[in-house]
Ligand code: SF4
């Protein structure tokens, strides 16, 4: 136990110098937080759906929860059920084997809701396109409000993308 | 408990031809795909018996895949011994192809054979489980996506029906109930369906039904050039991007008979070890987090993030996607980055070295991880599992040591192994492997050869085939490749090590309580995308 406290103390707070020119996590997060306060009553619940991804997008989705980004502090959190979600974050080209599950998850998410397609695959099918096995873009299966490109999008791009959605869209 | 001593699998592939002859199995030795492996061709009727001989000899089943070359279907099995690999092949007519199954001798052949059955229409006559595997409801039972005549577009309906009719093993016994889970799970993970049969809190049986993220990778590869193939290979399983790309490129380089420049090989190894470390860091944290120990998660994700940032800053991509290209690598390492990379490796070494004992000696973590999700060494051997999963159960197969490919042929590779086979040991092996990989990175940086980054790729001018075998962070990773005379892909088959680890999850979960399933699953961490293809 002592060693754990020791490590925690010595790790200290994680801070980083502000990179020049580029929007920082803190700025993006604060901007998200303002939108979330105005439109979502202070908290944005995200349900992620992997609809056929290579799992690269999921790794970066995990990363936004690490201490450097820690998006919960801006009021954004991932929830276990679509019933609790304001926003569906969908990755992958939609495999035909996941089509029904995605449709059902969409239906299970209460209105009003937002849908964001994450990654080049979600945006346009990416490396996988449309085939006997893949429906391609998420928008080919459910209505999509915005896409966040990248393969995979970096945590900063993900945050930036979320901010843009929040700024231009009000859940209907 | 202390580490097991270093041990190489005693079975030898070189003895196998004689063992087959002793069993009255006719074979022809033919030129196989380019690479260090020999290929023995057998009659279809002897296919099952040959597997029995191999299993008795102690060889390991590594993979089986098909290939349609009208009017024939080729079926190839890859076996491994302590001295490298061996290919068995048989040729079938493509009309009503039938073959004895190798599953009775090698349980690990079960799902790969069913994949082959669904994708090519090969019937395995004495297969203990003839159910479909990769085919859900997106295409019909009489259409085989990997037959040459099958068009990639297929004839899909607008809305594919959910796969409600998969015949799970029936439930029996009083008080036994079923818990269906998935395909969409509660956390940020890939989709798949798990069917638990339980009494009270205890899991009696677990059956996985995967295939949800099947996106036609094998078919998509057909007709691509090598650059396109490498991009696709890097997306077979995003967490193993480097290693799948390396395997595919190695297969192409074997097929074309070209040598990759030494500097490019060293950089590939640096990428692969970086990928190993990133995944181990993330998973150690996630395993501990699954039993509520957030301290480990916070520490490990911190280290992983820093590591990924360096990958982006120095090599241009956080997951190192598309850094390995056919013939070499896409990025160089400039000399003023050498010192920072050394320092980074030393720092991480310090951190992990001091963190691992804190985790492993923490009583409440021991309480949850020790004796949980046990895979006995005997079961590990029977299932032929790989990587950290094998090493925690005293299986030490590691291509970097046993069948070394450059640049590992010049490096000393230590393979950690333990006997207990529980989650705690899987965590410990990963910690050990991080330290070993950091040592390798330091050596690679110190001895980084000068020279070119890419070899020129000639046009083959004739059909050719090659095999790529690379030790990824999950274990042995394979790519089989056949190219036409123009250098376009005729057949690409990537075999992720997860093919071997998923069945182990079904063996090590029963006997544990339902709430321990997530941590059991995370400790195995099979890739869904990597096997759904
Ligand atoms: S966008 Fe890239 S990382 Fe994301 S699922 Fe597609 S291939 Fe994988």
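Protein chains in written order, with this note's numbering: chain R, 2 to 173; chain A, 2 to 534.
All C-beta atoms, glycine included, are put in the ideal place defined by N, C-alpha and C.
Computed from a predicted model, the values in this text were never measured in an experiment.
Closest by C-alpha distance to residue 153/A, when choosing among 476/A, 58/A, 221/A and 190/A:
The sequence position of residue 153/A within the second chain is 152, counting from 1. Per the Cα distances, 221/A.
Residue 11/A and residue 483/A: beta carbons closer than 9 Å?
The count along the second chain starts at 1 and reaches residue 11/A at position 10. The count along the second chain starts at 1 and reaches residue 483/A at position 482. Contact flag unset, no.
Determine, for residue 30/R, whether the minimum Cβ-Cβ distance to residues of chain A falls below 9 Å.
Indexing the first chain from 1 puts residue 30/R at position 29. No, residue 30/R lies away from the interface with chain A (no Cβ there is under 9 Å from its Cβ).
Please state whether DSSP places residue 510/A in a helix, a strand or coil.
Looking up residue 510/A in the second chain gives position 509. Residue 510/A falls in the coil class under three-state DSSP.
DSSP three-state label for residue 493/A, please.
Position 492 of the second chain, counted from the start, is the residue given in the question as residue 493/A. In the structure shown, residue 493/A sits in a strand (DSSP, three-state: E or B).
Pocket of the ligand SF4 (residues with CB nearer than 6 Å to any heavy atom), chain order:
54/R, 55/R, 57/R, 58/R, 92/R, 93/R, 120/R, 121/R, 122/R, 127/R, 128/R, 152/R, 153/R, 236/A and 239/A
Within 9 Å (strictly less), CB to CB, does residue 502/A reach chain R?
To locate residue 502/A, count along the second chain from 1; it is residue 501. Chain R contact via Cβ: absent.
Do you know how far the Cα of residue 436/A is from the Cα of residue 304/A?
Within the second chain, numbered from 1, the residue matching residue 304/A stands at position 303. Within the second chain, numbered from 1, the residue matching residue 436/A stands at position 435. Near 14 Å, if we compare the C-alpha coordinates of residue 436/A and residue 304/A.
Who pairs with residue 50/R in a beta bridge, going by DSSP?
Translated into the one-based positions of the first chain, residue 50/R becomes position 49. Residue 50/R pairs with 91/R.
So is residue 50/R in contact with chain A if we call contact Cβ pairs under 9 Å?
In the first chain, the residue the question calls residue 50/R occupies position 49. Yes - at least one Cβ of chain A is within 9 Å of the one on residue 50/R.
Taking 9 Å as the CB-CB limit, is residue 98/R close to chain A?
Here residue 98/R is taken as the residue at index 97 of the first chain, counted from 1. Cβ-Cβ to chain A under 9 Å: yes for residue 98/R.
Which residue from 397/A, 317/A, 68/A and 403/A puts its Cα closest to that of residue 1/R?
No answer is possible for residue 1/R: the residues shown for chain R start at 2 and end at 173.
Counting only beta-carbon separations shorter than 9 Å, does residue 62/R have a partner in chain A?
In the first chain, residue 62/R corresponds to position 61, counting from 1. Yes - at least one Cβ of chain A is within 9 Å of the one on residue 62/R.
In angstroms with no decimal places, state the Cα-to-Cα distance between residue 251/A and residue 275/A.
Here residue 251/A refers to the residue found at position 250 when the second chain is read from its first residue. Here residue 275/A refers to the residue found at position 274 when the second chain is read from its first residue. Between residue 251/A and residue 275/A, the C-alpha separation is close to 19 Å.
Which residues does DSSP list as the beta-bridge partners of residue 45/R?
Sequence index remark: in the first chain, residue 45/R carries index 44 (1-based). Paired residue(s): 77/R.
Identify every residue that forms a DSSP beta bridge with residue 536/A.
The structure shown does not extend to residue 536/A, since chain A is modelled only from 2 through 534, so no value can be given for it.
Where residue 442/A and residue 346/A are concerned, what is the direct C-alpha to C-alpha distance, given to the nearest angstrom?
Along the second chain, read from residue 1 onward, the residue named residue 442/A stands at position 441. Along the second chain, read from residue 1 onward, the residue named residue 346/A stands at position 345. Near 8 Å, if we compare the C-alpha coordinates of residue 346/A and residue 442/A.
Nearest neighbour of residue 499/A, chosen from 391/A, 463/A and 429/A [CA to CA]
The residue given as residue 499/A occupies position 498 in the second chain. Checked all of 391/A, 463/A and 429/A; the closest Cα to residue 499/A is 391/A.
Other residues of its chain near residue 502/A: CB distance less than 6 Å, five sequence neighbours each side excluded:
Working through the second chain from its first residue, we reach residue 502/A at position 501. The answer, listed in chain order, is 386, 390, 525 and 527.
Length of the line joining the Cα atoms of residue 131/R and residue 137/R:
Residue mapping note: residue 131/R aligns to position 130 of the first chain, counting from 1. Residue mapping note: residue 137/R aligns to position 136 of the first chain, counting from 1. Taking the straight line from one Cα to the other gives about 5 Å.
Residues of its chain near residue 155/R, where Cβ-Cβ distance is below 6 Å and the 5 sequence neighbours each way are ignored:
As a position in the first chain, residue 155/R is number 154, starting the count at 1. Cβ within range, chain order: n/a, list empty.
Would you tell me roughly how many angstroms separate the C-alpha atoms of residue 65/A and residue 321/A, rounded to the nearest one?
Start at 1 with the first residue of the second chain, and residue 65/A comes out as number 64. Start at 1 with the first residue of the second chain, and residue 321/A comes out as number 320. Going from the Cα of residue 65/A to the Cα of residue 321/A covers about 29 Å.
Grouping DSSP H, G and I as helix and E and B as strand, with all else coil, what is residue 210/A?
Within the second chain, the letter at position 209 stands for residue 210/A. Strand at residue 210/A.
Reduced DSSP category for residue 129/R - H, G, I as helix; E, B as strand; rest coil
Within the first chain, the letter at position 128 stands for residue 129/R. The answer is coil: DSSP assigns residue 129/R none of H, G, I, E or B.
Report yes or no: is there a C-beta of chain R within less than 9 Å of the C-beta of residue 163/A?
Counting from 1 along the second chain, the entry for residue 163/A is found at position 162. Chain R contact via Cβ: present.
In chain A, which residues lie with their C-beta within 9 Å of the C-beta of residue 69/R?
Taking the first chain and counting its residues from 1, the one referred to as residue 69/R is at position 68. Chain A residues near residue 69/R: 302, 303, 306, 307 and 310.
Tell me the DSSP secondary structure of residue 400/A in three-state form.
Within the second chain, residue 400/A is the residue found at index 399, counting from 1. It is helical.
Whole-Å CB distance - residue 183/A paired with residue 195/A, under 8 Å assumed
Numbered from its first residue, the second chain carries residue 183/A at position 182. Numbered from its first residue, the second chain carries residue 195/A at position 194. Yes, residue 183/A and residue 195/A are in contact; Cβ-Cβ is about 6 Å, under 8 Å.
Inspect the CB distances between the segment 121-130 of chain R and the segment 73-89 of chain R and report whether three or more fall short of 8 Å.
no
Within 10 Å of its beta-carbon, does residue 161/A have 16 or more other beta-carbons around it, so buried, or fewer, so exposed?
For the purposes of this step, residue 161/A is taken as residue 160 along the second chain, with counting starting at 1. Buried: at least 16 other Cβ atoms inside 10 Å.
Within 9 Å (strictly less), CB to CB, does residue 105/R reach chain A?
Counting from 1 along the first chain, the entry for residue 105/R is found at position 104. Taking Cβ atoms only, chain A reaches closer than 9 Å to residue 105/R, which makes this a yes.
Taking DSSP as the reference, what is the three-state secondary structure of residue 134/R?
As a first step, residue 134/R is located in the first chain; it is residue number 133 there, counting from the start. Residue 134/R falls in the coil class under three-state DSSP.
Hey, quick one: how far does the alpha helix (DSSP H) through residue 336/A stretch, first residue to last?
The residue you call residue 336/A lines up with position 335 of the second chain. Segment: none, residue 336/A is in no alpha helix (DSSP H) and carries neither H nor E.
Please state if the CB of residue 432/A and the CB of residue 393/A are separated by a distance shorter than 9 Å.
Counting from 1 along the second chain, the entry for residue 393/A is found at position 392. Counting from 1 along the second chain, the entry for residue 432/A is found at position 431. No, Cβ-Cβ distance for residue 393/A and residue 432/A is not below 9 Å.
Closest to residue 51/R by CA distance: which of 214/A, 229/A, 508/A and 168/A is it?
Here residue 51/R corresponds to residue number 50 of the first chain, with the count starting at 1. Nearest C-alpha to residue 51/R: 214/A.
Residue 69/A: first and last residue of the uninterrupted beta strand (DSSP E) it sits in:
Taking the second chain and counting its residues from 1, the one referred to as residue 69/A is at position 68. That run of the beta strand (DSSP E) goes 61-70.
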